[in-house]
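Since the structure comes first, as structure tokens, the remarks are kept for the end.
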Amino acid sequence: MQQIQQQIQLFHDLFLICMGLCLLFLVLSLMFFLKFDIRNIFNVRTGRSIKKTIKEMEEVNARTGQLRRTAPSAGTSKRLNKVRKVDIQNVIQNPRTSSDLTSGQDSTEVLTGDTGGYDLETAQADVDERYGRFEIINSVMLIHTEETV
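So the sequence shown is numbered by numbering that gives the first Met the number 0: it starts at 0 and just counts up by one.
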């Protein structure tokens with residue numbers, strides 16, 4: 000009988016320890032849930048936040064009404080809607096071949112301010128004049144490449 004009571008007491012103590020650990024981990028899980036904003040992550044993963052944003056944007060658009068005008072206003076020009084057609088060959092000139100450059104004819108030269116170049120100081124002055132204080136840190140010019148910058 001004594002042994003059974005000791006075993007019951009042992010199980011009761013183990014129950015209390017497990018209950019304490021359960022409460023401790025529950026508090027930790029709630030803290031982590033709030034700290035890492037798991038609700039927002041869940042909404043992003045399931046697409047709820049996108050649906051909510053779209054719904055809010057539709058409500059704002061419904062309140063503002065129609066923003067586009069179907070008929071041109073009195074002050075607009077009719078020429079704005081016309082597109083001028085240009086032959087592509089008149090716009091793009093064929094680049095010189097590398098054999099023309101290796102023969103020494105019309106070799107390239109470094110562009111400076113007086114030969115029509117655009118150096119860093121001129122660019123900085125131009126930017127400051129047009130847009131206010133804006134610092135150009137790096138200037139890269141690519142010549143005879145197919146890259147678009």
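Even glycine gets a Cβ: it sits at the ideal position worked out from N, Cα and C. All values reported here derive from a predicted model rather than from experimental measurement.
Leaving aside the five residues that flank Asn-60 on each side, none in its chain has a CB nearer than 6 Å to its CB. Annotated three-state conformation of Gly-19 is helix, per DSSP. Rounded to the nearest angstrom, the gap between the Cα atoms of Asp-125 and Asn-137 is 15 Å. Taking the Cα positions, Val-139 is about 14 Å away from Gln-123.
When secondary structure is reduced to three states using DSSP, His-11 falls in the helix class. Here Met-0 carries a coil assignment [DSSP, helix/strand/coil]. Secondary structure note for Val-59: its alpha helix (DSSP H) is the uninterrupted segment 47–63. Distance from the CA atom of Val-26 to the CA atom of Lys-51, rounded to whole angstroms, is 30 Å. Going by C-alpha positions, Met-56 is about 44 Å away from Thr-121. In the same chain as Leu-29, and ignoring 5 residues on each side of it, no C-beta atom comes closer than 7 Å to its own.
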